Structure formats: C-alpha cells, structure tokens
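In the UniProt record's numbering, the protein residues as written are 1 to 373.
Glycine included, each C-beta is placed from N, C-alpha and C at the ideal position.
All of these numbers come straight from a predicted model, not from anything done at the bench.
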C-alpha cells in the first residue's frame with residue numbers, strides 16, 4: 001500500500017480507542033491517535049440461522065457502561081504505547097472444545113459471518129452482516145459486558161448466546177475444496193471493505209440484533225422484549241417470503257404434548273379453545289388465550305419450540321398442526337431480507353439504515369462517545 005491511512009484499535013483501561021496509522025510512500029506507518037475512543041439454533045453457511053446477535057435476550061439497557069473486564073485494568077502508559085497499533089483481541093470461548101481462542105477483531109468478524117450467513121448471499125448482504133457483527137462486539141467491549149460467558153478470560157462464546165462463530169480450525173474445512181478459495185475471497189472482501197465500520201444511533205454503537213427470516217415485517221423491540229429501543233422499529237420486509245426456505249413450516253404435536261409443554265391441564269377429549277387477543281405491529285401474535293390461560297406469542301413460541309411467534313393452527317383428532325411464518329425473533333435486520341435488498345442493488349449501508357431506523361454507518365475512529373484517557 002502506498003500512501004493512505006489505516007484504522008486500527010487499542011483496548012486500554014476498559015475502552016476501545018481508535019488509532020489512525022498514516023502510511024508514507026515507503027510503507028512506513030506513523031501512529032496518529034485521534035484522542036477519541038472507538039465504539040464502536042445450530043447453524044452453518046447453508047442453513048439460515050434463527051435468532052442472532054444476542055439470541056432471545058433483550059437489548060442491553062441504554063445506561064452507563066458497565067465495569068470493564070479485569071484484563072483492561074491497570075494498564076501503564078508504556079503498555080498503551082506498545083499496543084497503539086494493534087487491533088483489540090477477542091477472546092472467544094469455543095463451547096465444543098471447551099477452550100478460549102484469541103483472535104484479532106477483524107478475524108473474529110470473519111468467523112461470525114462464516115457462521116451466521118450463507119456465503120452464497122450477495123456481497124452487500126455479507127458486508128451488512130460484517131458491520132452488524134462488528135458493532136455487536138465493539139459495543140460489548142466498550143461497555144465491558146461479560147454477560148453470558150461461562151468461564152473467566154473470555155469475552156464471548158461461539159453460540160447464539162452472543163454470535164455464532166467459526167473457529168480458525170473449522171474455517172479451513174468450511175467449504176468443499178473446489179469452492180474454498182472463492183468463498184474465502186468473498187468472505188475476506190466483506191470484512192476488508194467494511195473494516196472499522198459500525199452502526200450508530202445518536203453517536204453510540206447500537207445493539208445490532210438480527211435474525212433469519214421475517215413474516216413480511218420486522219418487530220418493534222418492545223413487542224418481543226418489552227423494552228422500547230428507538231432504532232429497533234417494525235418495517236416491511238417483503239423479500240423473505242419469496243427467497244427464504246425458512247419462511248413457512250408446519251409442525252405436528254399430540255394434544256397431550258401441546259398441553260404438557262404449555263403447562264395446561266387437558267380437559268377430557270375436548271378441543272383446546274384457542275383465541276388470539278392481540279397482534280403486534282409486525283403482524284405476530286402479541287397475546288393468545290389457550291383454554292383459560294393467557295400467554296404472549298413469544299411464550300408459546302419458546303414453550304413449543306416454534307420457529308416464529310406468528311402462527312396458525314388446525315386441530316384434527318388428537319393432534320394439532322401449527323404453521324409458522326418467519327424464522328427467529330423478528331427484531332432488527334432480517335438476513336434473508338438483506339439478501340433480497342442486495343439483489344435489487346442496495347448497498348450494505350442502505351440495508352442497515354433500513355432495518356435499524358435512524359442509524360448511521362460510521363468509522364469507529366470518528367466517534368466521540370468515549371473520551372480519551
């Protein structure tokens with residue numbers, strides 16, 4: 001590279017700081033600190049995931065940053081200077097192997113995209129996923145959020161509790177040998193072309209939740225998690241029905257299993273009295289009465305293991321057939337919707353601004369939300 005500026009990061013005193021490295025024509029980097037801090041269901045590439053970016057946990061409250069992990073405390077000024085040109089390292093707990101893998105930020109983002117989105121998707125959709133994944137982990141680091149990690153010395157897990165992640169070892173065998181080179185090139189392009197970019201709202205990195213497939217609309221955050229978040233608003237997502245293999249599915253349960261999973265006493269051979277009492281703005285079931293018991297749509301979805309909280313049902317004999325529409329919690333970015341938008345020529349930034357209302361895509365180095373220390 002001749003000339004130009006490269007955005008790097010350092011993690012110091014619990015804060016993620018942006019560093020600009022100006023490259024001279026000889027390729028020598030000159031560090032220029034901006035004085036601002038940067039914010040910043042089992043899956044594989046062929047099987048669209050369900051609930052991502054935090055799974056079914058609600059977005060974190062928009063409050064003050066929590067205390068940072070112990071590893072970031074007590075750093076000396078000399079240590080900070082030595083780390084000035086390094087990306088923050090992400091410590092991922094690999095649940096299957098029961099070990100921690102430490103990788104640079106952008107390598108982590110690559111592993112998340114490989115796990116969370118089919119490589120066959122359009123490049124702009126993959127780029128949108130890269131920015132969302134980067135935003136999620138940068139926000140987590142900036143806030144010192146260690147929730148959901150079962151061991152000390154890790155920042156996140158490789159599961160839907162945080163973001164699904166493909167380890168370096170697994171990535172080598174992710175695709176058939178004939179497709180490996182082109183797949184890795186596309187994956188690397190999605191990361192490189194978005195390097196340092198995150199999604200912000202009012203100057204803060206957002207809770208970049210995402211999911212597989214909508215029912216035609218996304219959900220308002222408070223309709224699934226009770227907590228209202230200004231950038232997680234319901235929007236139309238018409239692409240999913242046309243493109244996603246997960247848009248519609250039917251499962252059958254015995255009435256005994258149906259009642260048992262819901263914790264309702266079965267009354268003889270009578271058909272269950274089921275009545276939807278409230279719908280959400282996104283068209284999913286808000287509240288539903290089954291027998292004499294009232295549930296939220298989310299509660300029924302989780303108790304029965306359904307793909308979505310929008311569903312219809314048909315009782316026949318001693319069984320009930322439940323048809324769901326969409327796949328996942330429905331809040332934030334629809335991955336299949338993102339791919340549909342990309343197929344129509346929309347950019348990654350277009351996609352993100354559409355699904356996350358009122359947000360911006362910014363370079364982390366330009367954000368003022370954490371003062372330099």
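Give the secondary structure of residue 306 by DSSP, where H, G and I count as helix, E and B as strand, and everything else as coil. For the purposes of this step, residue 306 is taken as residue 306 along the chain shown, with counting starting at 1. Three-state result, residue 306: coil.
Does residue 182 pass the burial test, meaning 16 or more other C-beta atoms within 10 Å, or should it be called exposed? Translated into the one-based positions of the chain shown, residue 182 becomes position 182. So residue 182 ends up on the exposed side.
Per the contact definition of three or more C-beta pairs closer than 8 Å, is the region 264-275 in contact with the region 177-192? no
Entirely within the region 205-237 and at least 4 residues each: give me those alpha helix (DSSP H) ranges in chain order. 222-225
Leaving out five residues on either side along the sequence, give the residues of the same chain with a beta carbon under 8 Å from the beta carbon of residue 186. Numbered from its first residue, the chain shown carries residue 186 at position 186. The residues are 119, 123 and 126.
Beta-carbon separation (whole angstroms), residue 149 vs residue 157, contact threshold 8 Å: Counting from one through the chain shown, the residue named residue 149 turns up at place 149. Counting from one through the chain shown, the residue named residue 157 turns up at place 157. That belief holds up - the Cβ atoms of residue 149 and residue 157 are roughly 6 Å apart, short of 8 Å.
Validate contact between the region 282-297 and the region 334-346 using beta carbons, cut 8 Å, 3 pairs: no
For residue 163 versus residue 136, is the C-beta spacing smaller than 7 Å? Here residue 163 refers to the residue found at position 163 when the chain shown is read from its first residue. Here residue 136 refers to the residue found at position 136 when the chain shown is read from its first residue. In contact: residue 163 and residue 136 (Cβ atoms closer than 7 Å).
Cα separation between residue 263 and residue 300? The residue given as residue 263 occupies position 263 in the chain shown. The residue given as residue 300 occupies position 300 in the chain shown. C-alpha separation (whole angstroms): 11 Å.
Quick check on residue 145: buried or exposed, where buried means 16 or more other Cβ atoms within 10 Å of its Cβ? By one-based count along the chain shown, residue 145 stands at place 145. Looking at its Cβ environment, which holds 16 or more other Cβ atoms inside 10 Å, residue 145 is buried.
State the DSSP-derived secondary structure class of residue 160, mapped to helix, strand or coil. On the chain shown, residue 160 is found 160 positions in, with the first residue counted as 1. Looking at residue 160 - three-state DSSP - the assignment turns out to be coil, as it is neither helix nor strand.
Rounded to a whole number of angstroms, what is the C-alpha to C-alpha distance between residue 90 and residue 292? The sequence position of residue 90 within the chain shown is 90, counting from 1. The sequence position of residue 292 within the chain shown is 292, counting from 1. Taking the straight line from one Cα to the other gives about 49 Å.
With DSSP collapsed to three states, give me the class of residue 121. As a working mapping, residue 121 is identified with position 121 in the chain shown. Correct three-state label for residue 121: coil.
Note down, in chain order, each residue of its chain lying with its Cβ closer than 6 Å to the Cβ of residue 336, except the 5 sequence neighbours on either side. Stepping through the chain shown from its first residue, residue 336 is reached at position 336. Hits under 6 Å: 213, 240, 243 and 244.
Can you tell me which of the three DSSP states residue 135 falls into? Position 135 of the chain shown holds residue 135. Correct three-state label for residue 135: helix.
So, helix, strand or coil for residue 54, using DSSP? In the chain shown, the residue the question calls residue 54 occupies position 54. The predicted model places residue 54 with a pLDDT of 46, which falls under 50 and marks its position as unreliable; any figure quoted below should be read in that light. Residue 54 falls in the coil class under three-state DSSP.
Tell me which same chain residues have a C-beta within less than 7 Å of the C-beta of residue 222, skipping the five on either side of it? The count along the chain shown starts at 1 and reaches residue 222 at position 222. Result list for residue 222: 228, in chain order.
What's the call for residue 155, buried or exposed, on a 16-neighbour Cβ count within 10 Å? Here residue 155 refers to the residue found at position 155 when the chain shown is read from its first residue. Residue 155 should be labelled buried.
Quick check for students: name the residue ranges of the beta strand (DSSP E) that lie wholly in the region 240-323, counting only runs of 3 or more. 248-254, 274-279, 285-290, 293-296 and 311-316
Where do the ends of the alpha helix (DSSP H) carrying residue 107 lie? Position 107 of the chain shown, counted from the first residue, corresponds to residue 107. From DSSP, the alpha helix (DSSP H) with residue 107 extends over 105-116.
Return the first residue and the last residue of the beta strand (DSSP E) that residue 346 is part of. For the purposes of this step, residue 346 is taken as residue 346 along the chain shown, with counting starting at 1. No beta strand (DSSP E) contains residue 346, which DSSP labels as neither H nor E.
In this structure, does DSSP put residue 355 in helix, strand or coil? Numbered from 1 along the chain shown, position 355 holds the residue referred to as residue 355. Residue 355: helix per DSSP, three-state reduction.
Cα separation between residue 306 and residue 151? Mapped onto the chain shown, residue 306 falls at position 306. Mapped onto the chain shown, residue 151 falls at position 151. Spanning the two alpha carbons is a distance of roughly 30 Å.
Secondary structure of residue 191, DSSP reduced to three states: As a working note, residue 191 is residue 191 in the chain shown. Three-state result, residue 191: helix.
Per-residue burial, residue 147 [other beta carbons within 10 Å of its own, 16 or more giving buried]: As a working note, residue 147 is residue 147 in the chain shown. Counting Cβ neighbours within 10 Å, residue 147 comes out exposed, since fewer than 16 surround it.
Residue 318: which of 258, 304 and 353 sits nearest, CA to CA? Sequence index remark: in the chain shown, residue 318 carries index 318 (1-based). Of the listed residues, the one whose Cα sits closest to residue 318 is 258.
From the DSSP output, which residues share a beta bridge with residue 200? Position 200 of the chain shown, counted from the start, is the residue given in the question as residue 200. Per DSSP, 205 and 360.
Excluding the 5 residues preceding and the 5 following residue 253 in the sequence, name in chain order all residues of the same chain whose CB lies nearer than 6 Å to its CB. Sequence index remark: in the chain shown, residue 253 carries index 253 (1-based). Excluding positions up to five away in sequence, the list reads 320.
Between residue 362 and residue 198, how many whole angstroms is the CB-CB distance? I'm expecting something under 8 Å. Here residue 362 corresponds to residue number 362 of the chain shown, with the count starting at 1. Here residue 198 corresponds to residue number 198 of the chain shown, with the count starting at 1. About 7 Å; that satisfies the 8 Å criterion.
Flag this pair as yes or no: are the beta carbons of residue 324 and residue 249 separated by less than 7 Å? What you label residue 324 is simply residue 324 of the chain shown in a count that begins at 1. What you label residue 249 is simply residue 249 of the chain shown in a count that begins at 1. The answer is yes: Cβ separation under 7 Å.
Between residue 100 and the rest of its own chain, which residues show a CB-CB distance below 8 Å, the 5 nearest in sequence each way excluded? For the purposes of this step, residue 100 is taken as the residue at position 100 of the chain shown. Same-chain partners within the cutoff: 91, 92, 93, 94, 151, 153 and 154.
Using the beta-carbon count (16 or more within 10 Å), is residue 256 buried or exposed? For the purposes of this step, residue 256 is taken as residue 256 along the chain shown, with counting starting at 1. Residue 256 is exposed by the Cβ-count criterion.
Are the C-beta atoms of residue 109 and some chain D residue less than 7 Å apart? In the displayed structure, chain D is absent; only one protein chain is listed.
For residue 97, does the three-state DSSP call read helix, strand or coil? One-based indexing of the chain shown puts residue 97 at position 97. It is coil, neither helix nor strand.
Bridge-paired residues (DSSP) for residue 325: Taking the chain shown and counting its residues from 1, the one referred to as residue 325 is at position 325. According to DSSP, which records beta bridges pairwise, residue 325 is partnered with 248.
Quick check on the DSSP output: the alpha helix (DSSP H) that includes residue 87 runs from which residue to which? In the chain shown, counting from the first residue as 1, residue 87 sits at position 87. From DSSP, residue 87 is part of no alpha helix (DSSP H); its letter is neither H nor E.
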